[in-house]
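**Q** I have a structure I would like to understand better, so I am pasting it below and will then ask my questions one at a time.
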Amino acid sequence: MKAFYNWSDKDWVKLLESNVEIIRKEAISLMNEPKGNWLKVHPDYVEGNIPWRTFEMVFFGMKIKDNLIHCNATAELLSQIPDLITADFSLLPPHTHIKPHKGYSKMIVRNHLPLIVPAGDLGIRVDDQVVKWEEGKLISFNDSLEHEAWNKTDHYRLVMMVDVASPEFEYSAQQICKYKIENMDDPFLLSIASKEKWMEYFRKGEVCLGEIT
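And the structure:
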């Protein structure tokens, strides 16, 4: 299995990279004037004194209504990505390590659009390959392989994280999302809402995080 993919020729990748300044501006405004719902995610994965946080925009096909209203331009760009599964802003604090772990499915490809990358020791390892983020240059990788990320600088690292259906399998984003929700066993996600509630939100195609967190 490949660790990283070169998807620079895909239209939606070009779309995101050419609009990185717009996306970055909206993301920074959310950091500086907190609006919507930033989640403290997967505390068991993290080594550091400050939580790893994400600002969810699309979650297994469900639009996060009360977050998307604060980033309209980014929302419009996300709507143009084929086979979109999830999308969020991921904020990794200074001196933080996301410990080695594996993602939720080999049927997805995870993408990082780097928005803020401080100088210094930070990067991501997937399998036996290490890459350092470059602002505005999207990287695509196999989330099902063991991976870890670190930020040993004194500043925050910010990326937009996007999961899409892998072209190596014959499953649509809708099929992957439905399977994931029906078979949800992640303790963190189940601490937010029951499986039955997640299925209810999935059928609606949207959810307000402020109502359940």
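Just so you know, numbering that gives the first Met the number 0 puts 198 at position 199 of the sequence shown, and the rest follows in order with no gaps. Think of the CB as a built atom: it goes at the ideal place given N, C-alpha and C, for glycine as much as any other residue.
Among Ser190, Lys196, Val206, whose alpha-carbon lies nearest the alpha-carbon of Lys39?
**A** Ser190
**Q** Are the beta-carbon atoms belonging to Glu93 and Tyr155 less than 8 Å from one another?
**A** Residue identity differs from the one stated: residue 93 is Pro in this sequence, not Glu. The answer is yes: Cβ separation under 8 Å.
**Q** Smallest Cα separation from Glu167: which of Glu145, Gly135, Met198, Met106?
**A** Met106
**Q** Within this structure, are the beta carbons of Thr95 and Asn18 separated by less than 8 Å?
**A** no
**Q** Find out if the Cβ-Cβ distance for the pair Ser104, Val158 is shorter than 8 Å.
**A** no
**Q** For Lys101, which residues from the same chain have a beta carbon less than 8 Å from its beta carbon, with the 5 sequence-adjacent residues on both sides left out?
**A** Asp142, Ser143, Leu144, Glu145, His146
**Q** Cβ atoms of Val206 and Ile63: under 8 Å apart, would you say?
**A** yes
**Q** Which partner residues of Asn31 appear in the DSSP bridge assignment?
**A** Paired residues: none, contrary to the question.
**Q** Examine chain C for any beta-carbon lying closer than 8 Å to the beta-carbon of Gly102, and answer yes or no.
**A** Looking for chain C here will not work: only one protein chain is present.
**Q** Classify Gln174 as helix, strand or coil using the three-state DSSP reduction.
**A** helix
**Q** Count the C-beta pairs between the stretch 169-188 and the stretch 19-28 that are closer than 8 Å, then say yes if the count reaches three, no if not.
**A** no
**Q** Can you list, in chain order, the residues of its chain with a C-beta nearer than 6 Å to that of Ala148? Leave out the 5 residues immediately preceding and following it.
**A** Ile97, Ile123
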